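**Q** In terms of the UniProt record's numbering, the sequence shown has 46 at position 46, counting the first letter as 1, and numbering is strictly consecutive.
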Amino acid sequence: MILDAIADVRTGDKGDDLIIAVLPRDDADGQTGHAYDQVVRAVTEERVAQHYGLPVATVHRTLMPTVSAMVFHLRGVLGGGVTGSSYLDGHGKTMGYHLLTLPVE
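And the structure:
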């Protein structure tokens, strides 16, 4: 199974940094606890860094259990940011969707 089966992502940029929010979906019974716990176990700083081919030191995860979400801060990955780069994905939207292909158990 991949992350897309149990979660959504939203992305944003802060200069050259990419911010990715991972939002586990409610289970069939309307509870988010199981999906959130599963995502917390599977989507670690190390696995995200490996998935993107980045050094682990550039990835920081913040857990937000009261809203059943987590936020990843990937430092220096946007090639200068929207105004400082000719990257087609200056806001990091494609990179956010790429995270949804991460295998989870």
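Quick reminder that beta carbons are idealized off the backbone N, C-alpha and C, glycines included. Just so it is clear, the structure is predicted and the values come from calculations on it, not from any experiment.
Quick one: does the C-beta of residue 15 sit closer than 7 Å to a heavy atom of the ligand SAM?
**A** Summarising the ligand content, the structure contains no ligands, and the ligand SAM is consequently not present.
**Q** Out of curiosity, what's the CA-to-CA distance linking residue 54 and residue 18?
**A** 13 Å
**Q** Could you check if residue 63 is buried or exposed, using at least 16 other CB atoms within 10 Å of its CB as the buried criterion?
**A** exposed
**Q** State the beta-bridge partners of residue 21 as determined by DSSP.
**A** DSSP lists 10, 71 as partners of residue 21.
**Q** Is DSSP giving residue 103 helix, strand or coil here?
**A** In the three-state reduction of the DSSP assignment, residue 103 falls in the strand class, which pools E and B.
**Q** For residue 96, is the classification buried or exposed, using 16 other Cβ atoms within 10 angstroms of its Cβ as the cut-off for buried?
**A** buried
**Q** With a threshold of 8 Å on Cβ separation, who are the neighbours of residue 10 within its own chain once the five nearest residues in sequence on each side are excluded?
**A** 20, 21, 23, 96
**Q** On a CA-only basis, which of 48, 26, 34, 36 is nearest residue 103? Give me that one, please.
**A** 48
**Q** To the nearest angstrom, how far is it from the Cα of residue 52 to the Cα of residue 67?
**A** When rounded, the separation of the alpha-carbon atoms in residue 52 and residue 67 is 26 Å.
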